[in-house]
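Asker:
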Amino acid sequence: VRILEAAKLLKDGKSITEAAHAAGFSDSAHFTRTFKENFGFVPSLFFGHLKSIELRFCEVTELV
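With the UniProt record's numbering, letter number 51 in the sequence shown gets 51, and the count goes up by one each step, no holes.
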(Lines of atoms letter the chains of each structure in order from A and count residues from 1; the text may use other names and numbers.)
(Lines give C-alpha, C1' and ligand atoms only; values in the text may rest on other atoms or scores of the structure.)
Protein backbone atom coordinates (compact mmCIF):
# COMPACT_ATOMS: atom_id res chain seq x y z
CA VAL A 1 0.00 0.00 0.00
CA ARG A 2 2.87 2.41 0.80
CA ILE A 3 4.41 1.86 -2.61
CA LEU A 4 1.14 2.77 -4.34
CA GLU A 5 0.87 5.94 -2.27
CA ALA A 6 4.45 6.84 -3.21
CA ALA A 7 3.73 6.20 -6.91
CA LYS A 8 0.72 8.52 -6.70
CA LEU A 9 2.88 11.20 -5.09
CA LEU A 10 5.45 10.84 -7.89
CA LYS A 11 2.67 11.17 -10.45
CA ASP A 12 1.52 14.32 -8.67
CA GLY A 13 4.98 15.87 -9.09
CA LYS A 14 6.73 15.09 -5.81
CA SER A 15 10.43 14.28 -5.89
CA ILE A 16 11.60 10.73 -5.19
CA THR A 17 12.83 11.76 -1.74
CA GLU A 18 9.58 13.57 -0.89
CA ALA A 19 7.44 10.65 -2.08
CA ALA A 20 9.56 8.11 -0.20
CA HIS A 21 9.40 9.95 3.11
CA ALA A 22 5.72 10.91 2.79
CA ALA A 23 4.81 7.26 2.15
CA GLY A 24 6.74 6.13 5.22
CA PHE A 25 9.97 4.76 3.76
CA SER A 26 13.00 5.29 5.99
CA ASP A 27 15.28 6.27 3.11
CA SER A 28 15.32 6.71 -0.65
CA ALA A 29 17.47 3.63 -1.26
CA HIS A 30 14.93 1.34 0.42
CA PHE A 31 12.14 3.04 -1.49
CA THR A 32 13.98 2.62 -4.81
CA ARG A 33 14.54 -1.11 -4.19
CA THR A 34 10.91 -1.65 -3.21
CA PHE A 35 9.65 0.38 -6.17
CA LYS A 36 11.75 -1.66 -8.60
CA GLU A 37 10.59 -4.97 -7.05
CA ASN A 38 6.95 -3.92 -7.50
CA PHE A 39 7.01 -2.09 -10.83
CA GLY A 40 10.05 -3.52 -12.61
CA PHE A 41 11.87 -0.20 -13.02
CA VAL A 42 13.38 2.45 -10.74
CA PRO A 43 11.39 5.54 -9.74
CA SER A 44 13.56 7.87 -11.82
CA LEU A 45 12.22 6.11 -14.93
CA PHE A 46 8.62 6.48 -13.72
CA PHE A 47 8.28 9.89 -15.36
CA GLY A 48 9.45 8.53 -18.71
CA HIS A 49 6.92 5.70 -18.51
CA LEU A 50 4.14 8.16 -17.70
CA LYS A 51 5.08 10.38 -20.64
CA SER A 52 5.18 7.36 -22.96
CA ILE A 53 1.75 6.18 -21.80
CA GLU A 54 0.29 9.69 -22.20
CA LEU A 55 1.68 10.00 -25.73
CA ARG A 56 0.28 6.61 -26.75
CA PHE A 57 -3.12 7.49 -25.29
CA CYS A 58 -3.16 10.78 -27.23
CA GLU A 59 -2.27 8.96 -30.45
CA VAL A 60 -5.08 6.43 -29.94
CA THR A 61 -7.68 9.08 -29.13
CA GLU A 62 -6.72 11.04 -32.25
CA LEU A 63 -7.35 7.94 -34.37
CA VAL A 64 -10.85 7.42 -32.99
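C-beta atoms are modelled at their ideal positions from N, C-alpha and C, and glycine is treated no differently.
Return no unless some Cβ of chain B is closer than 8 Å to the Cβ of alanine 23.
Answerer: You won't find chain B in this structure, because it holds only one protein chain.
Asker: Pull up the CB-CB distance for alanine 23 and arginine 2, whole angstroms please, since I reckon it's below 8 Å.
Answerer: As a working mapping, residue 23 is identified with position 23 in the sequence shown. As a working mapping, residue 2 is identified with position 2 in the sequence shown. Yes, they are in contact, since the Cβ atoms of alanine 23 and arginine 2 sit about 5 Å apart, within 8 Å.
Asker: Just how far apart, CA to CA, sit alanine 7 and leucine 45?
Answerer: Residue mapping note: residue 7 aligns to position 7 of the sequence shown, counting from 1. Residue mapping note: residue 45 aligns to position 45 of the sequence shown, counting from 1. Their backbone Cα atoms lie some 12 Å apart in a straight line.
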